[in-house]
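J.: Numbers 1 to 402, taken from full-length UniProt numbering, label the letters of the sequence shown in order. Next up is a structure, given as structure tokens.
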Amino acid sequence: MFDLVCIGCGATYPSDAVMYTCSRCGHLLEVRYDLANINITRKDWLSKPISVWRYRELLPVSGSPVTLHEGGTPLYHLQRIGEELGVKELYAKHEGMNPTGSFKDRGMTVGVSMAMQLGMSSVACASTGNTSASLSAYGAKAGIPVVVLLPSGKVALGKVAQALMHGARVISIRGNFDRALEMVRDLCEKKGIYLLNSVNPYRLEGQKTIGFETIDQLNGEVPDRMVLPVGNAGNISAVYKGLLELQELGFVDRIPMMTGIQADGSQPVVKAIKGDLPEVVPDLNPETIATAIRIGAPVNAEKVLKAIRMSKGTADSVTDEEILAMQRDLAQKEGIGVEPASAASVAGVKKLIESGEIDRNERIVCVVTGHLLKDPETVIKQCAPPIECDATLESLLAALHL
Ligand SMILES: Cc1ncc(COP(=O)(O)O)c(C=O)c1O
Ligand SMILES: N[C@@H](CCOP(=O)(O)O)C(=O)O
Numbered sequence: 001m002f003d004l005v006c007i008g009c010g011a012t013y014p015s016d017a018v019m020y021t022c023s024r025c026g027h028l029l030e031v032r033y034d035l036a037n038i039n040i041t042r043k044d045w046l047s048k049p050i051s052v053w054r055y056r057e058l059l060p061v062s063g064s065p066v067t068l069h070e071g072g073t074p075l076y077h078l079q080r081i082g083e084e085l086g087v088k089e090l091y092a093k094h095e096g097m098n099p100t101g102s103f104k105d106r107g108m109t110v111g112v113s114m115a116m117q118l119g120m121s122s123v124a125c126a127s128t129g130n131t132s133a134s135l136s137a138y139g140a141k142a143g144i145p146v147v148v149l150l151p152s153g154k155v156a157l158g159k160v161a162q163a164l165m166h167g168a169r170v171i172s173i174r175g176n177f178d179r180a181l182e183m184v185r186d187l188c189e190k191k192g193i194y195l196l197n198s199v200n201p202y203r204l205e206g207q208k209t210i211g212f213e214t215i216d217q218l219n220g221e222v223p224d225r226m227v228l229p230v231g232n233a234g235n236i237s238a239v240y241k242g243l244l245e246l247q248e249l250g251f252v253d254r255i256p257m258m259t260g261i262q263a264d265g266s267q268p269v270v271k272a273i274k275g276d277l278p279e280v281v282p283d284l285n286p287e288t289i290a291t292a293i294r295i296g297a298p299v300n301a302e303k304v305l306k307a308i309r310m311s312k313g314t315a316d317s318v319t320d321e322e323i324l325a326m327q328r329d330l331a332q333k334e335g336i337g338v339e340p341a342s343a344a345s346v347a348g349v350k351k352l353i354e355s356g357e358i359d360r361n362e363r364i365v366c367v368v369t370g371h372l373l374k375d376p377e378t379v380i381k382q383c384a385p386p387i388e389c390d391a392t393l394e395s396l397l398a399a400l401h402l
């Protein structure tokens, strides 16, 4: 049993309402369960395979889900990078290992399942790339049409390729992501299309399972800190919400310090946290190589400020150079291939350790959000080209200087 509850005024709406914001005050909604009457134990959960659907008692879907087998992503111990930084326990939860290569699949399995449950016949989103790739795949699986709006020229190649190949109607907007999101919200309202950006409270329910899996993979122990790259700010807010639910159920006794990392050229949340502002002031011209987090007006602004402040976490920004250096370090020192936005979380930890803001004794989990292959162009630009040689052993040995 659950309701949709306004995060601003607390107004309650029924679970079958197709809505994203409160009709009284305009704030976002969230899913609220009657946790006192949910009958589950961690032992029950642990007896099932690790995946988003291990946690279905805390998800809104009642029938068979639209699934591509999402979740169950690896939690890697970053031994070399951790040692270099002098941190004993540094982990990366590799969300790039989801079916379409990003954490969005956790949200879309739930969001598209709810679209079907609510009887919706088409779905849409605006996207910096990953949301569109994921929605296109899950829409295809569900057999419903998908419309995606992308900021022209600012979406990594792999993500556009995915949306096109999965058969979405792909529209390239001459404007940035924030404008595309405003447009898709209007489109969905006018045409009765189901909106699957992170204003959708059901989609975020799927994403909160990142936190559930992390606790399970740490054998029930709570990390001191969880570090996530922040763009539209849905993911960090979702993980925090899920962990609060675990606390209310008595499965954990504390909440990690939620830490958000943005790019220097696109850091409205960081400015609000550092400036102790009551709200996030939109950045009108966000810019970064990490196109996934090139977002100036995060729609989940209110939720992310609460998540960071209530958990006594923090936020900071990193330069594009720091992001790319950490992308290379993860690839070459740990064997973990991530896209630039994902490397921001670990780059942020490095910065905060070196500045003394993070204690080296903490157990830290970084969420690395998307796969290396999402943005092959940024990878190729950083690497020396392959060495071409004739098809003879002599030529090969010469090329290898052997
Ligand atoms: C790879 C990647 N990392 C991080 C983010 C940021 O997540 P959020 O918008 O939920 O803050 C996104 C998209 O927004 C993304 O695609
Ligand atoms: N990085 C995102 C931006 C959209 O965020 P959403 O969580 O509101 O869908 C993307 O991949 O498009």
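From the three backbone atoms N, C-alpha and C, an ideal C-beta is built for every residue, glycine too.
(1) Per DSSP, what kind of secondary structure is Phe251 in: helix, strand or coil?
(2) Among Ala11, Ser355 and Leu35, which one has its Cα closest to the Cα of Glu27?
(3) Could you spell out the range, first to last residue, of the beta strand (DSSP E) harbouring Thr314?
(4) Where in the segment 52–111 do unbroken runs of the alpha helix (DSSP H), each at least 4 residues long, occur, reported from the N-terminal end onward?
(5) Expressed to the nearest angstrom, what Euclidean distance is found between the alpha-carbon atoms of Leu195 and Val184?
(6) Can Ile144 and Ser122 be called in contact, C-beta distance under 8 Å?
(7) Just to confirm, are Asp320 and Ile289 a CB contact at a threshold of 8 Å?
(8) Is the CB-CB distance between Thr259 and Val227 below 8 Å?
(9) Quick check on DSSP: helix, strand or coil for Ile364?
(10) Express the C-alpha separation of Cys125 and Leu116 in angstroms, rounding to a whole number.
(11) Less than 8 Å between CB atoms is the rule here; does Gly313 satisfy it with respect to chain D?
(12) For Asp316 and Val270, which I take to be in contact (beta-carbon distance under 8 Å), what is that distance rounded to the nearest angstrom?
(13) On the three-state DSSP scale, how would you describe Met120?
(14) Under the three-state reduction of DSSP, which class applies to Val12: helix, strand or coil?
(15) Is Asp224 helix, strand or coil by DSSP?
(16) Using 7 Å as the cut-off, classify the Cβ of Ser132 as near or not near the heavy atoms of ligand 2, replying yes or no.
(17) So is the beta-carbon of Cys125 under 7 Å away from any non-hydrogen atom of ligand 2?
(18) Which whole-angstrom value is the C-beta distance of Arg254 and Val222, which I expect to be below 8 Å?
(19) Would you say Asn176 touches ligand 1, meaning its beta carbon is less than 7 Å from a heavy atom?
(20) Across the segment 238–246 and the segment 62–80, are there enough close Cβ pairs to call them in contact, namely three or more that are closer than 8 Å?
(21) Helix, strand or coil: which one does DSSP assign to Met114?
(22) Does the beta-carbon of Lys274 have 16 or more other beta-carbons within 10 angstroms, so that it is buried, or is it exposed?
(23) Report the three-state DSSP secondary structure of Gly26 (helix, strand or coil).
(24) My output table needs one value for Ile173: the three-state DSSP class, helix, strand or coil.
(25) Quick check on the DSSP output: the alpha helix (DSSP H) that includes Thr41 runs from which residue to which?
(26) Across the segment 198–210 and the segment 90–107, are there enough close Cβ pairs to call them in contact, namely three or more that are closer than 8 Å?
(27) Am I right that Lys374 and Glu339 are in contact with their C-beta atoms under 8 Å? What's the rounded C-beta distance?
(28) Answer yes or no: do Pro286 and Asn176 have a C-beta to C-beta separation smaller than 8 Å?
(29) Taking the C-alpha atoms as reference points, what is the distance between Tyr76 and Ile380?
(30) Examine ligand 1 and report whether any of its heavy atoms sits within less than 7 Å of the Cβ of Gly234.
T.: Quick answer:
(1) The residue labelled residue 251 in the question sits at position 251 within the sequence shown. In the structure shown, Phe251 sits in coil (DSSP, three-state: anything other than H, G, I, E or B).
(2) As a first step, residue 27 must be located in the sequence shown, where it is residue number 27. In the sequence as displayed, the identity of residue 27 is His instead of Glu. Checked all of Ala11, Ser355 and Leu35; the closest Cα to His27 is Ala11.
(3) One-based indexing of the sequence shown puts residue 314 at position 314. Taken as a continuous stretch (DSSP letters only), the beta strand (DSSP E) holding Thr314 covers Thr314 to Val318.
(4) 79–85
(5) Here the question's residue 195 lines up with position 195 in the sequence shown. Here the question's residue 184 lines up with position 184 in the sequence shown. Rounded to whole angstroms, Leu195 to Val184 spans 8 Å at the Cα level.
(6) Taking the sequence shown and counting its residues from 1, the one referred to as residue 144 is at position 144. Taking the sequence shown and counting its residues from 1, the one referred to as residue 122 is at position 122. For Ile144 and Ser122, yes; Cβs fall inside 8 Å.
(7) To locate residue 320, count along the sequence shown from 1; it is residue 320. To locate residue 289, count along the sequence shown from 1; it is residue 289. Going by C-beta atoms, Asp320 is nearer than 8 Å to Ile289.
(8) Counting from one through the sequence shown, the residue named residue 259 turns up at place 259. Counting from one through the sequence shown, the residue named residue 227 turns up at place 227. In this structure, Val227 lies closer than 8 Å to Thr259 by Cβ.
(9) Position 364 of the sequence shown, counted from the start, is the residue given in the question as residue 364. Of the three classes helix, strand and coil, the one that applies to Ile364 here is strand, per DSSP.
(10) Within the sequence shown, numbered from 1, the residue matching residue 116 stands at position 116. Within the sequence shown, numbered from 1, the residue matching residue 125 stands at position 125. Reading the sequence as shown, one finds Met at residue 116 and not Leu. Spanning the two alpha carbons is a distance of roughly 16 Å.
(11) Absent here is chain D; the protein component of the structure consists of one chain.
(12) For the purposes of this step, residue 316 is taken as the residue at position 316 of the sequence shown. For the purposes of this step, residue 270 is taken as the residue at position 270 of the sequence shown. Indeed, because the Cβ distance is near 6 Å, the residues count as touching under 8 Å.
(13) Reading the sequence shown from its first residue, position 120 is the one you call residue 120. DSSP places Met120 in coil when its eight states are reduced to three.
(14) Position 12 of the sequence shown holds residue 12. Checking the sequence shown, residue 12 turns out to be Thr, not Val. Here Thr12 sits in strand by DSSP.
(15) Here residue 224 refers to the residue found at position 224 when the sequence shown is read from its first residue. Three-state result, Asp224: coil.
(16) The residue given as residue 132 occupies position 132 in the sequence shown. Indeed, a heavy atom of ligand 2 lies less than 7 Å from the Cβ.
(17) Position 125 of the sequence shown, counted from the first residue, corresponds to residue 125. Checking every heavy atom of ligand 2 against the Cβ of Cys125, one is found closer than 7 Å.
(18) Here residue 254 refers to the residue found at position 254 when the sequence shown is read from its first residue. Here residue 222 refers to the residue found at position 222 when the sequence shown is read from its first residue. Arg254 to Val222, Cβ: 6 Å. Contact.
(19) Against the sequence shown, residue 176 aligns to sequence position 176. Result no, Cβ not under 7 Å from ligand 1.
(20) no
(21) As a working note, residue 114 is residue 114 in the sequence shown. In the structure shown, Met114 sits in a helix (DSSP, three-state: H, G or I).
(22) As a first step, residue 274 must be located in the sequence shown, where it is residue number 274. Counting Cβ neighbours within 10 Å, Lys274 comes out exposed, since fewer than 16 surround it.
(23) Here the question's residue 26 lines up with position 26 in the sequence shown. Reduced to three states, the DSSP call for Gly26 is coil.
(24) Here the question's residue 173 lines up with position 173 in the sequence shown. Of the three classes helix, strand and coil, the one that applies to Ile173 here is strand, per DSSP.
(25) Along the sequence shown, read from residue 1 onward, the residue named residue 41 stands at position 41. It is not in any alpha helix (DSSP H) - Thr41 carries neither H nor E in the DSSP assignment.
(26) yes
(27) Counted from its first residue, the sequence shown places residue 374 at position 374. Counted from its first residue, the sequence shown places residue 339 at position 339. The C-beta distance from Lys374 to Glu339 rounds to 4 Å, short enough to fall under 8 Å.
(28) As a first step, residue 286 must be located in the sequence shown, where it is residue number 286. As a first step, residue 176 must be located in the sequence shown, where it is residue number 176. Yes, the pair counts as a contact, with Cβ atoms nearer than the cut-off.
(29) Position 76 of the sequence shown, counting from 1, holds the residue named residue 76. Position 380 of the sequence shown, counting from 1, holds the residue named residue 380. Roughly 25 Å separates the two Cα atoms.
(30) Start at 1 with the first residue of the sequence shown, and residue 234 comes out as number 234. In this structure, Gly234 has its CB closer than 7 Å to one or more heavy atoms of ligand 1.
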